[in-house]
Amino acid sequence: MRFTLITGRTVAQGDAMEKGKTEEEFMKACAIVELDPEDMEKLGVREGDTVKVKTSEGELVLWVRKAPGEQPGVAFIPMGPWANYLIGGDTEATGMPPYKVVDAEITPERGKVPSLEELLRLYTREEVR
Amino acid sequence: MRVTHRDVVCSFCGTLCDDIEVDVEDGRIAEVRHACRIGTTKFLSASRHEHRLLKPMVRENGRLKEVSLEEAVERAAEILAGAQRPLLYGWSSTSCEAQSVGIELAEVLGGVIDNTSTVCHGPSTIAVHEAGFISCTLGEVKNRADLVIYWGANPMHAHPRHLSRYSIYPRGYFRERGHQDRTLVVVDVRRTDTARLAQKFVRVQPGRDYELISALRAVVNGRKLPMDEVAGVSREDIEELAEMMKSCSFGVLFFGMGLTQSPGRHRNIDNAICLVRDLNTYTKFVIMPMRGHYNVVGFSEVLSWQAGFPFAVDFSKGYAWYNPGETTANDVLQRGECDAMLVVASDPVSNFPKPSVENMLKMPIVAIDVHPTPTTMVADVVIPAAIAGIEVEGTAYRMDVVPLRLRKVVEPPEGVLSDVEVLQRILERVKEIKG
Ligand code: SF4
Chain A
135 MRFTLITGRT
145 VAQGDAMEKG
155 KTEEEFMKAC
165 AIVELDPEDM
175 EKLGVREGDT
185 VKVKTSEGEL
195 VLWVRKAPGE
205 QPGVAFIPMG
215 PWANYLIGGD
225 TEATGMPPYK
235 VVDAEITPER
245 GKVPSLEELL
255 RLYTREEVR
Chain B
-16 MRVTHRDVVC
-6 SFCGTLCDDI
4 EVDVEDGRIA
14 EVRHACRIGT
24 TKFLSASRHE
34 HRLLKPMVRE
44 NGRLKEVSLE
54 EAVERAAEIL
64 AGAQRPLLYG
74 WSSTSCEAQS
84 VGIELAEVLG
94 GVIDNTSTVC
104 HGPSTIAVHE
114 AGFISCTLGE
124 VKNRADLVIY
134 WGANPMHAHP
144 RHLSRYSIYP
154 RGYFRERGHQ
164 DRTLVVVDVR
174 RTDTARLAQK
184 FVRVQPGRDY
194 ELISALRAVV
204 NGRKLPMDEV
214 AGVSREDIEE
224 LAEMMKSCSF
234 GVLFFGMGLT
244 QSPGRHRNID
254 NAICLVRDLN
264 TYTKFVIMPM
274 RGHYNVVGFS
284 EVLSWQAGFP
294 FAVDFSKGYA
304 WYNPGETTAN
314 DVLQRGECDA
324 MLVVASDPVS
334 NFPKPSVENM
344 LKMPIVAIDV
354 HPTPTTMVAD
364 VVIPAAIAGI
374 EVEGTAYRMD
384 VVPLRLRKVV
394 EPPEGVLSDV
404 EVLQRILERV
414 KEIKG
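Chains A and B are the protein sequences, given in the same order. Its first residue numbered 135, the first sequence is counted upward by one per residue in our numbering. Its first residue numbered -16, the second sequence is counted upward by one per residue in our numbering.
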């Protein structure tokens, strides 16, 4: 299903980041995608299931979370290394990358959500330096 | 013994709450009052030393190894002085005093210096160059505002006490009944937790804010819209919102990343500033960016004093050169125009988009920070720092450009210096190497 991807701050992400980004709570706060309840039904997924989110930049398996209010067609990922693995670099000569309003394809997928270290390994394709 | 510090400033977000109470017992923070969930965690986690960076480290044979501070400073200075055009990035979560030393270091190195504005309100700054700015202090909002609009901002998550301290809930001089004397409007693509509190929620289609702002300007200026809806918002809703804006006595438009990071970027802000300018024909209206990091504003102030520009300054030509799109961190990284990085109080490996991170991982990185982050995990030199506003004093600027004094309530972990001291040591050593 096609979605418009938005990334941004959440209070859980801010809280977890101050506790420490290398701890599990940070991953639980960030490696998620918030969807509209009706869109979740259409996809046939429930809170806590995993989905594959794919953009022109890359794809990742993330946990599904129900959004706090309606947001039809919009997928939200809290800012952080998981979200940004899906974001491209074109700043349109403003310095600002396209962190919001990105085309994404979301499909139900049973898979493993990458840990922080696994995610960094996707970049370096080796052990974290 | 328990000591209570009152009126402490919270050094997390740009709201910079200055009414925090911190209880210190046996040199550790025991209790925090008045702060929000994030602010409370920031204070309490300062005393969890087991989760902090405590020892300087240098990468050897692929692994980070603990070294003395002298060795780490030496290695950092070698990397930076040996680079042709280093990028010095971060700066928004430290004091103005540290920022000032960092800017001098960038000049001595002939590098590029940029702060997190570049990925938050850089576009707003560009828009202010184009259109000017009609703003006020948060004190004026508290005392006067009767219409408060958050556009593309979700303060209940990003600035949790913004509504309760300044915009909606406090009683003000002319708003004696607090929230009963004010109207809250939220414009967003999602019904966020902030939108759920609003008297009026306007759902705009993603990426179409510019059109909606233009439609509002047309209606405010007395035109009739020829179409039934704009950007997913009905003509009736647009007319109602325009009327609310014109008929209030003091309106404020707070805007966030929903405008700066969406298609249109600075043009969205330029148009929003023009809307506010138009509204001042009818009433008093102001506009303010919701600045994220607690001292992101301070960096622009200090850089403007020292180099004449607010962010993204390149010293490689021997003088200060500012050209967003060219000298901004992500553009420099993606074009491969820097060959080393100094990261201070920031985590670009988490917060930059994939193409920038891929290039970052190709160059040596020196990181100065408080906690381990993905950036310190991949850095070549890691130097721990004390937390400004908890373990060291300093100056920070609130989102409305009001400077506040950061306090010290506990001692930093043993052997851990402030950003200012670490940067001064690197600067001294770089000057020696450069001759
Ligand atoms: S709103 Fe911001 S400044 Fe105030 S306590 Fe929360 S994090 Fe700290």
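For glycine and all other residues, C-beta sits at the position ideal for the given N, C-alpha and C.
Beta-carbon neighbours of residue i, restricted to chain B and to distances below 8 Å
i: Ala227 of chain A; result: Pro307, Gly308, Glu309, Asp314
i: Val167 of chain A; result: Residues of chain B passing the Cβ test: none, with the nearest at roughly 13 Å.
i: Leu177 of chain A; result: Result: empty, since nearest Cβ-Cβ is about 17 Å, beyond 8 Å.
Contact set between residue i and chain A, taken where Cβ atoms lie within less than 7 Å
i: Gln317 of chain B; result: Gly223
i: Met382 of chain B; result: Those do not exist, as Met382 of chain B stays about 14 Å from chain A at its closest Cβ, beyond 7 Å.
i: Ala141 of chain B; result: Arg143
i: His112 of chain B; result: Those within 7 Å of His112 of chain B in chain A number zero; the least Cβ separation is about 12 Å.
i: Ile256 of chain B; result: Ordered by position in chain A, no residue passes the 7 Å Cβ test against Ile256 of chain B, which lies about 16 Å from the chain.
Contacts that residue i makes with chain B (C-beta to C-beta distance below 9 Å)
i: Arg140 of chain A; result: According to the sequence displayed, residue 140 of chain A carries Ile and not Arg. Residues of chain B passing the Cβ test: Val172, Arg173, Pro189, Gly241, Gln244, Ser245.
i: Leu194 of chain A; result: The premise fails here: Leu194 of chain A is roughly 11 Å from chain B at the closest Cβ pair, so nothing lies under 9 Å.
i: Pro215 of chain A; result: Asp330, Val332, Ser333, Asn334, Val340, Pro357
i: Arg180 of chain A; result: By Cβ distance, chain B contributes nothing, its closest Cβ being about 20 Å from Arg180 of chain A, past 9 Å.
i: Glu204 of chain A; result: Arg173, Arg174, Arg186
Nearest-angstrom beta carbon gap, residue j and residue i [assumed within contact, 8 Å]
i: Ser333 of chain B; j: Gly214 of chain A; result: 5 Å
i: Lys25 of chain B; j: Cys(-7) of chain B; result: 7 Å
i: Ser75 of chain B; j: Ser329 of chain B; result: 7 Å
i: Ala165 of chain A; j: Thr144 of chain A; result: Actually they do not touch by this definition, with Cβ atoms about 12 Å apart.
i: Ala214 of chain B; j: Leu195 of chain B; result: 4 Å
Neighbour-count burial assignment, residue i, 16 or more Cβ in a 10 Å radius
i: Arg274 of chain B; result: buried
i: Val364 of chain B; result: buried
i: Asp314 of chain B; result: buried
i: His112 of chain B; result: exposed
i: Trp288 of chain B; result: exposed
i: Ser217 of chain B; result: exposed
i: Thr(-2) of chain B; result: buried
i: Lys300 of chain B; result: exposed
i: Lys153 of chain A; result: buried
i: Gln182 of chain B; result: exposed
i: Tyr219 of chain A; result: buried
i: Lys417 of chain B; result: exposed
i: Glu80 of chain B; result: buried
i: Pro209 of chain B; result: exposed
i: Val422 of chain B; result: This structure cannot settle anything about residue 422 of chain B, because the visible part of chain B is limited to -16 through 418.
i: Arg186 of chain B; result: buried
i: Glu261 of chain A; result: Because the pLDDT of Glu261 of chain A is 44, which lies under 50, any placement of that residue in the model is unreliable, and the number read from its coordinates should be weighed accordingly. The residue is exposed, with fewer than 16 neighbouring Cβ atoms inside 10 Å.
i: Asn204 of chain B; result: exposed
i: Arg180 of chain A; result: exposed
i: Ala255 of chain B; result: buried
i: Lys256 of chain A; result: Just to set this straight, residue 256 of chain A is Leu in the shown sequence, not Lys. With fewer than 16 other Cβ atoms within 10 Å, it is exposed.
i: Lys234 of chain A; result: buried
i: Met(-16) of chain B; result: exposed
i: Ser83 of chain B; result: buried
i: Arg408 of chain B; result: buried
i: Asp173 of chain A; result: buried
i: Leu121 of chain B; result: buried
i: Ala227 of chain A; result: exposed
i: Asn342 of chain B; result: buried
i: Asn421 of chain B; result: There is no way to answer for residue 421 of chain B, as the model of chain B reaches only from -16 to 418.
Contacts that residue i makes with chain A (C-beta to C-beta distance below 8 Å)
i: His17 of chain B; result: Chain A residues near His17 of chain B: none, gap ~16 Å exceeds 8 Å.
i: Ser28 of chain B; result: Glu152, Lys153, Gly154
i: Ala59 of chain B; result: None at all; the shortest Cβ gap to chain A is about 17 Å.
i: Ala295 of chain B; result: Gly229
i: Gly105 of chain B; result: Thr228, Gly229, Met230
i: Ala178 of chain B; result: Gly203
Within chain A, partners of residue i - CB distance below 9 Å
i: Leu146 of chain B; result: Per Cβ cutoff of 9 Å: no residues; Leu146 of chain B is ~13 Å from chain A at best.
i: Lys337 of chain B; result: Glu191, Gly192, Asn218, Tyr219, Leu220, Ile221, Gly222, Gly223, Tyr257
i: His354 of chain B; result: Met151, Glu152, Lys153, Gly154, Lys155, Thr156
i: Gly85 of chain B; result: Simply none; closest approach about 18 Å.
i: Val102 of chain B; result: Gly229, Met230, Pro231, Tyr233
i: His34 of chain B; result: Lys153, Gly154, Thr156, Glu157
i: Leu92 of chain B; result: By Cβ distance, chain A contributes nothing, its closest Cβ being about 21 Å from Leu92 of chain B, past 9 Å.
Chain-ordered chain B contacts of residue i [CB-CB under 7 Å]
i: Asp149 of chain A; result: Arg20, Ile21, Thr24
i: Val208 of chain A; result: Val172, Arg173, Pro189
By C-beta, the residues closer than 6 Å to any heavy atom of the ligand SF4, given in chain order: Residues close to the ligand SF4 by the beta carbon criterion (under 6 Å to any non-hydrogen atom) are, from first to last along the chain, B:Cys(-7), B:Phe(-5), B:Cys(-4), B:Thr(-2), B:Leu(-1), B:Cys0, B:Ala18, B:Cys19, B:Ile21, B:Gly22, B:His142, B:Pro143, B:Arg144.
Is the number of C-beta pairs between the region 45 to 56 of chain B and the region 368 to 375 of chain B that are closer than 8 Å three or more? Under the Cβ criterion (8 Å, minimum of three pairs), the region 45 to 56 of chain B does not count as touching the region 368 to 375 of chain B.
Using 8 Å as the Cβ pair cut-off and three pairs as the minimum, do the region 276 to 286 of chain B and the region 372 to 388 of chain B touch? Yes: the two stretches touch, three or more of their Cβ pairs being nearer than 8 Å.
Please confirm if the region 350 to 363 of chain B is in contact with the region 316 to 327 of chain B, defined as three or more CB-CB distances below 8 Å between the two stretches. These segments touch.
Does the region 355 to 363 of chain B come close enough to the region 257 to 267 of chain B that 3 or more CB-CB pairs lie under 8 Å? With the cut-off at 8 Å, the region 257 to 267 of chain B and the region 355 to 363 of chain B do not touch.
For the pair the region 186 to 202 of chain B and the region 237 to 247 of chain B, tell me if three or more CB-CB distances fall below 8 Å. In this structure the region 186 to 202 of chain B lies against the region 237 to 247 of chain B, because at least three pairs of beta carbons, one per stretch, are closer than 8 Å.
Tell me whether the region 154 to 168 of chain B and the region 117 to 131 of chain B touch, counting them as touching only if at least three CB pairs, one residue from each stretch, are closer than 8 Å. Touching, yes.
Evaluate the contact criterion for the region 305 to 321 of chain B versus the region 198 to 206 of chain A: three or more CB pairs, one atom per stretch, below 8 Å. Output reads no: the region 198 to 206 of chain A does not touch the region 305 to 321 of chain B.
Evaluate contact between the region 84 to 92 of chain B and the region 100 to 110 of chain B, counting only Cβ atoms and requiring at least three cross-stretch pairs below 8 Å. These segments do not touch.
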